[in-house]
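To start, the structure itself, in structure tokens.
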Amino acid sequence: MASKTDPFGPAGLDQLLAAKEIVIFCGPGGVGKTSVAAAAAAGAATRLGGKVLVVTVDPARRLADALGVTGLGNREREVPADLLVAAGLQPRGRLWAAMLDTKQSWDDLVLRHAPDEETAYRILENRLYDNITARFVQSHDYIAMERLHEIHRSGIYDLIVVDTPPSRNAIDFIEAPRRMAEFFGSRLLRWLTMPYRLGGRRGARMVTLASKPFYQVADRILGSQFLEDIAEFFLNFQSMYEGFVERAQAVERLLRDRRTTFVVVSTLEPAPVREAEFFVSALAERRLHLGALVLNKTLPDFLLAAPGEAAARVLCRDPDAAAKVIAAAPKQTPRQKSLDQATVSRVLHTVGESFLNFSVVAKREAELRTELAAAPDLVLRVPYFEADVCDLAGLARMGDHLFGA
Amino acid sequence: MDLLGRRLLFFTGKGGVGKSTVSAATALLAAEQGQRVLLVSADGRGDIAAFFEQRPVGFKPAVVHPGLHAMAMDTEASLREYLRLNLRMPVPGRIGPVAKVFDFVATAAPGVKEILTVGKVCWEVRESMEGRAGWDLVVVDAAATGHITAQLGAPGAIQELVSVGPVRTQVGWMGEILADPAVTALNVVVTPEEMPVHETIELVARVRAELPVPLGAVVVNRVLPELFTHAEEEAFEALRARERTAALASVAGAGVEDVLEGAELAVRLRRTRAAHLTHLRETVDLPLLYLPEMFVRSGGMRVTRMMADALGEELG
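Residue numbers (my numbering), protein chains in the order written: chain R, 1433 to 1837; chain L, -15 to 300.
Set out below in structure tokens:
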């Protein structure tokens, strides 16, 4: 249901998406980021035309099915035009979708950057490799940005819409490439792996005077085998250092490029709003472009209207008076049932209560909205849909609110 | 169910469902029942104290309410404590650089940060069980659904990687605490919406398959009230006839139209949520606890208290 008044107006996303090549949707977890990103991509393909790709990280199963990316690994797949048409979208352009498969992306990366095949396979077969790539805090963030760069460089798409991975700290993924490069280039890591380097490939380690205390403690805690595995892993990984640094710099340039913009998505609950605010200021600090703010799952404005509130108060205070009027009213048609006054009275009281309850939440939302809306030029609102957005028709419906029907 | 009779309660859930609020409310409820409670933010969020209108807490537990301490996990501090207790490292000066390197390895190596988090929590529980610390209950606002198996699976993962030494022994007793259903329960917070329900169902299956940690309850947050009985619903629908709405408007003003629309919205929301709830109930074989949607101002002790009261009623 569209809200009756929309103080911000729905226009504007067209223009933003027409001017950009990369749009990165970010924000706190659980606010519907994935759906909003997919709806924006579908809307861009429909309204603006061109080749549009949405890269999504962890879509709900049904949305993944709807986009046709279930079980495809990293491959990009076109969403068939007839499915879009059936969902009420009249595409001028074409829409592709892809999932981000972290494991496969890492494997590809290693194969691409390792100095030789032997090193690549030693890395891939290290028993820590899966663990590290799956759990390393910044691993998902890094690989998402790296993949974005790869796709953009291919020159296949007019617009790439990216849904960012849920991270503990929403801003992590921006920093991930640089941190990754710093990590592999750090003196600390070199110092840590030194004994193994001196000892030769897979050889016994040679502990220097400086690192001896560390290894004494580490051995006691973790056992030497574990440390050796770690060291071997990083030793091999370091062989890819130059590739990493170069890549990290390229990704950073891409994020700062004027063709790239960020869209912050949030609901209007207190905790997500706090995170979204933090995100908006973090983007500003880094001089990254904040294109729009999308407020998802918002309650309709009629809950804020003064006449409604007045009526609700009347119904709560004296439901009997109103019920009496209803029960006394003559039937309009013979088929209309007459109503029991006591029942109607209860209903009216409940209805009034419920309105006042929801209006408290709507007021809280309105207040938070005002606070958040100060930063970006473009603020879009998407109402609370009764059903989760998990098919193309849902994306089309959401798109109507994002772009204006 | 005797949730508060355990020693260690973890709360996980999809982002945005109210995992931290439920953790805080559980801790408050137990504390007001006379237990000595430690509330731990595993994500290191000191502002968990804001649920009790207190200033942010750090690694050292601080009183946030009578009978209730709170702390924010800090893996480096946890490591320092570990080194101090286990290795009897003589001078703090020597711990400095070692901790730095370790923090570095911990960032990269699997399970190390997780083990420092879970290890600290288990250690507090063990110390209390053996009479050296005073917690009756430790409540952990744990990692979100995406990370919880890595967090609680850390002892197992380390056990596979480290074959000898004190760490091996320690992950042994941690595993025992985590696996004991009389001591530990992992609880999942969910809202009656499609994605959170879906993730909860998946998580429960994954936990059963991969973790030896016993599951406790599923806490369903933000349940909307049922507005009408069947007869009332019929009457409500009849009221939406134009002439009846007009009659109502003559008593309550023109705004009555919005009020009826608002009620319809509430009914529809309730109905879709009820469908997700039914799906959850039919799929997940765990006790469900229901917490109502709170139509109140945001955050703070007021909400924590209301949630604790509602939880208390659910637990009976």
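Backbone N, C-alpha and C define an ideal beta-carbon position, used for all residues, glycine too. Just so you know, these numbers come straight off a predicted model, no measurement behind them.
Rounded straight-line distance, which links the Cα of residue j to that of residue i
| i | j | result |
| --- | --- | --- |
| Leu1736(R) | Met278(L) | 18 angstroms |
| Ala1703(R) | Gly0(L) | 8 angstroms |
| Thr1871(R) | Ile132(L) | Past the edges of chain R, shown from 1433 to 1837, lies residue 1871(R), and the structure says nothing about it. |
| Ala1754(R) | Arg224(L) | 14 angstroms |
| Arg152(L) | Ile1662(R) | 17 angstroms |
| Val191(L) | Gly18(L) | 31 angstroms |
| Ala127(L) | Val24(L) | 11 angstroms |
| Ala201(L) | Leu1521(R) | 43 angstroms |
| Ser1698(R) | Val174(L) | 19 angstroms |
| Thr1625(R) | Asn1668(R) | 10 angstroms |
| Ala134(L) | Gly1505(R) | 22 angstroms |
| His1721(R) | Leu1715(R) | 7 angstroms |
| Ser27(L) | Ala56(L) | The amino acid occupying residue 27(L) in the given sequence is Asp; Ser does not appear at that position. Roughly 7 angstroms between the two C-alpha positions. |
| Leu232(L) | Asp1772(R) | 15 angstroms |
| Leu1824(R) | Lys1465(R) | 16 angstroms |
| Ala1476(R) | Cys1458(R) | 18 angstroms |
| Thr256(L) | Gly1500(R) | 26 angstroms |
| Glu98(L) | Leu1515(R) | 44 angstroms |
| Pro271(L) | Arg1718(R) | 47 angstroms |
| Ala61(L) | Ala1518(R) | 57 angstroms |
| Leu12(L) | Arg226(L) | 50 angstroms |
| Ile1454(R) | Ile1592(R) | 5 angstroms |
| Leu1495(R) | Val1821(R) | 8 angstroms |
| Glu1709(R) | Val188(L) | 33 angstroms |
Distance CB(residue i)-CB(residue j) smaller than 7 angstroms
| i | j | result |
| --- | --- | --- |
| Val268(L) | Ile185(L) | yes |
| Glu298(L) | Leu273(L) | yes |
| Val124(L) | Phe(-6)(L) | yes |
| Asp1595(R) | Ala1469(R) | yes |
| Gly237(L) | Pro1751(R) | no |
| Thr1488(R) | Ser1671(R) | no |
| Leu1827(R) | Ala1608(R) | no |
| Val1783(R) | Ala219(L) | no |
| Gly1723(R) | Thr1692(R) | no |
| Leu(-8)(L) | Val167(L) | yes |
| Ala1613(R) | Phe1676(R) | yes |
| Glu37(L) | Gly300(L) | no |
| Thr1775(R) | Glu216(L) | yes |
| His260(L) | Pro176(L) | yes |
| Thr213(L) | Thr(-4)(L) | no |
| Gly1444(R) | Gly1481(R) | no |
Coarse secondary structure for residue i, derived from DSSP in three states
| i | result |
| --- | --- |
| Asp1823(R) | coil |
| Ala1806(R) | coil |
| Asp1750(R) | coil |
| Arg1622(R) | helix |
| Gly(-3)(L) | strand |
| Thr1488(R) | strand |
| Ile1588(R) | coil |
| Pro1609(R) | helix |
| Tyr274(L) | strand |
| Gly200(L) | strand |
| Trp119(L) | coil |
| Arg286(L) | helix |
| Met57(L) | coil |
| Leu253(L) | helix |
| Glu177(L) | coil |
| Met1531(R) | strand |
| Asn205(L) | strand |
Cutoff 7 angstroms: residue i Cβ touching any chain B Cβ
| i | result |
| --- | --- |
| Leu211(L) | No chain B is present in this structure, whose protein chains are R and L. |
Closer than 6 angstroms: residue i CB and nearest the ligand COA heavy atom
| i | result |
| --- | --- |
| Gly1505(R) | By its list of ligands, the structure shown contains no ligand whatsoever, and the ligand COA lies outside what it can speak to. |
*Taking only beta carbons into account, state which residues of the stretch 1453 to 1481 of chain R come closer than 7 angstroms to chain L, listed in chain order.*
Those residues of the stretch 1453 to 1481 of chain R placed with their C-beta closer than 7 angstroms to a C-beta in chain L are Pro1460, Gly1461, Gly1462, Val1463, ordered along the chain.
*Of all the residues that make up the stretch 1806 to 1820 of chain R, which are near chain L by a beta-carbon distance shorter than 7 angstroms?*
So the list reads Glu1818, Ala1819, Asp1820, given in the order they occur along the chain.
*Counting pairs of beta carbons, one from the stretch 3 to 21 of chain L and one from the stretch 181 to 199 of chain L, are three or more of them closer than 8 angstroms?*
no
*Determine which residues of the stretch 1775 to 1797 of chain R have a Cβ less than 7 angstroms from any Cβ of chain L, and write them out in chain order.*
Listed in sequence order: Thr1775, Val1776, Arg1778, Val1779, Thr1782, Val1783, Gly1784, Ser1786, Phe1787, Asn1789, Phe1790, Val1792, Val1793, Arg1796.
*Which residues, in chain order, does the stretch 1689 to 1720 of chain R contribute to contact with chain L at a C-beta distance below 8 angstroms?*
Of all residues in the stretch 1689 to 1720 of chain R, only Thr1699, Glu1701, Pro1702, Ala1703, Pro1704 place a beta-carbon less than 8 angstroms from a beta-carbon of chain L.
*At a cut of 8 angstroms, does the stretch 1734 to 1748 of chain R reach the stretch 228 to 248 of chain L through at least three beta carbon pairs?*
Between the stretch 1734 to 1748 of chain R and the stretch 228 to 248 of chain L there are three or more C-beta pairs closer than 8 angstroms, enough to call the two in contact.
_Beta carbons nearer than 9 angstroms to chain L: which residues of the stretch 1731 to 1754 of chain R have them?_
Leu1731, Pro1732, Phe1734, Leu1735, Ala1737, Ala1738, Pro1739, Gly1740, Glu1741, Ala1742, Ala1743, Ala1744, Arg1745, Val1746, Leu1747, Asp1750, Ala1753, Ala1754
_Near-chain R residues of the stretch -12 to 3 of chain L - C-beta to any C-beta below 7 angstroms_ = Lys(-2), Gly(-1), Gly0, Val1
*Count the C-beta pairs between the stretch 152 to 166 of chain L and the stretch 192 to 199 of chain L that are closer than 8 angstroms, then say yes if the count reaches three, no if not.*
Using a Cβ-Cβ distance cut-off of 8 angstroms, the stretch 152 to 166 of chain L and the stretch 192 to 199 of chain L are in contact, since at least three pairs of beta carbons, one from each stretch, lie closer than that value.
*Taking a Cβ distance cut-off of 8 angstroms, strictly less, list which residues of the stretch 149 to 180 of chain L are near chain R, in chain order.*
Gly149, Pro150, Val151, Arg152, Glu177, Glu178, Met179, Pro180
*So, do the stretch 1809 to 1818 of chain R and the stretch 135 to 148 of chain L have three or more beta carbon pairs nearer to each other than 8 angstroms?*
The stretch 1809 to 1818 of chain R vs the stretch 135 to 148 of chain L: no contact.
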